[in-house]
Amino acid sequence: MSSTTTSSTSVETTQEASPQTNQVADVDETSKQEDPFYPDLAQYNDLSIEVSIAEQKMSILSGSQVIFSTTVSTGAPDSPTPTGQFIIEPERGDFFFNEASGEGAYYWVSFKDHGIYLFHSLPTDRYGNEIPEEAARLGRPSSHGCIRMPRETAKWFYENIPGAIPVQIN
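Heads up: the sequence shown at position 21 corresponds to 21 in UniProt numbering, and the numbers run straight through without jumps.
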């Protein structure tokens, strides 16, 4: 679980353009694909997000069509990701650091409890450097309840996922 509402949290505000195409994307981050592409979500209706804890996969759908899929890491057994139906909440930010866990992350988007359960990048140290041991766990349950993804994918997600779309986690 990553808290972004405590006094130890800092949020910076910078934005850059992200790569987009109009192709259906299947981004498997564990394959180290050099030039992943991301769909232009503005061209789709009826968006939703599905996260499979068993498969450690996140998919973005337009209706019943998967338009993007990627490997993620969900909660470790002692701090599981909540399951059920949620929505993308209005809280989001460029960076946070949680003193209690000693980890931060880039490009967070809230889906439960307004800043407590998040989609975000792989963990970083207080200076924003990715933690290699945590990055190596991508595709395995290892978070504090949030949904982790590589920084480039988290940035695209943060910049392009609209608020209030449904999230199904099972």
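For each residue, glycine too, the CB sits at the ideal point set by N, CA and C.
- The criterion of a C-beta distance shorter than 7 Å is not satisfied by Ser79 and His120.
- When the alpha-carbon of Thr83 is set against those of Tyr117, Ala105, Ala100, Tyr107, the nearest one is in Tyr117.
- The C-beta separation of Ile169 from Thr81 comes to about 6 Å, placing the pair in contact by the 8 Å criterion.
- With a contact defined as Cβ atoms closer than 8 Å, Ser73 and Gly139 qualify at about 6 Å.
- The closest CA to that of Asn98, considering only Trp156, Cys146, Asp46, Met58, is found on Cys146.
- Leaving aside the five residues that flank Leu41 on each side, the residues in its chain whose CB is nearer than 6 Å to its CB run, in chain order, Asn160.
- Contact check for Gly75 against Pro141 passes: the beta carbons are separated by less than 7 Å.
- It is roughly 19 Å from the alpha-carbon of Asp94 to the alpha-carbon of Ala164.
- Residue Arg92 holds the alpha-carbon nearest to the alpha-carbon of His114 among Pro166, Arg92, Glu133.
- Within the model, the alpha-carbon separation for Gln85 versus Lys57 is close to 16 Å.
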